[in-house]
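>
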Amino acid sequence: MLVNKNFLICLTGLPASGKTTFASKLKEILEKKFTKLTVSIIDPDIIRHTMAPNKFNYTLEPIVRERNLTEITKELSKGNIVISDDLNYYSSMRTKEYDFEERFKKIQNSDHLHVKSKILFLLAINDGLSLEEIKNSVNTGTKWLKSVLETLVKNEVVGYSSNQDVYYINL
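Below, the structure written as structure tokens:
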């Protein structure tokens, strides 16, 4: 069960299908359930309207999409729950997951993150990782890595499946 951990929800659908209404109601529900987290709705229509308030300008769409991704990334990095209220059906937005994956890889490969943060980040974006997979992604000694993982398991932040021999985020 998720207990005050952030996540991203991407709504998809055709124009005027009720995504914005659903996003607003979902936000209310999530704010009641996850009282320690902020819930943000990122709506490219609002971004679009601030850039060209009186008419649609198709030439701005690449900028709108980039700002949309930037806003989502910014809110997620703050630890917020994010609802992406977007069409998500056109081919250029099908790369959204790829864009996030590339951005997360950049964070993961950053030398500015502490080892524990890198481990938690890796486990948050993967369903489960073996000790070897974590070791290959984190530049540290095996003994110390095992010690950190043992502490995270003891504190119930991370779980370990002996059947699959993988570590995972405890939800």
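The sequence shown begins at 1 in the UniProt record's numbering and counts up by one.
All C-beta atoms in this analysis are idealised placements derived from N, C-alpha and C, irrespective of residue type, glycine included.
Note that the structure is predicted; figures quoted are calculated from it, not measured.
According to DSSP, simplified to helix, strand and coil, what is Ser161?
strand
> Taking Lys116 as the reference, give the member of Val82, Leu152, Leu131, Lys55 with the closest Cα.
Leu152
> Counting along the chain, where does the alpha helix (DSSP H) carrying Val39 start and finish?
Val39 -> not in any alpha helix (DSSP H); beta strand (DSSP E) instead, spanning 39-42.
> For Ile81 versus Asn6, is the C-beta spacing smaller than 7 Å?
yes
> Would you say the stretch 41-53 touches the stretch 67-75, given that touching needs at least three Cβ pairs under 8 Å?
yes
> Just curious, the alpha helix (DSSP H) that residue 179 is in, first and last residue?
Residue 179 lies beyond the stretch modelled for the chain, which goes from 1 to 171, so this question has no answer here.
> Mind reading off the beta-carbon distance from Ser84 to Leu8? Whole number of angstroms is fine, and I expect it under 8 Å.
Contact between Ser84 and Leu8 holds: their C-beta atoms lie close to 7 Å from each other, under 8 Å.
> Should Val39 and Lys27 be called a contact, given that it needs their Cβ atoms to be closer than 7 Å?
yes
> Thinking C-alpha only, which one of Asn57, Lys36, Tyr58 is nearest Lys78?
Lys36
> State buried or exposed for Glu75, treating a residue as buried only when at least 16 other CB atoms are found within 10 Å of its CB.
buried
> Any heavy atom of the ligand NAD closer than 6 Å to the beta-carbon of Ala124?
What this structure holds is no ligand at all, so the ligand NAD is not there to describe.
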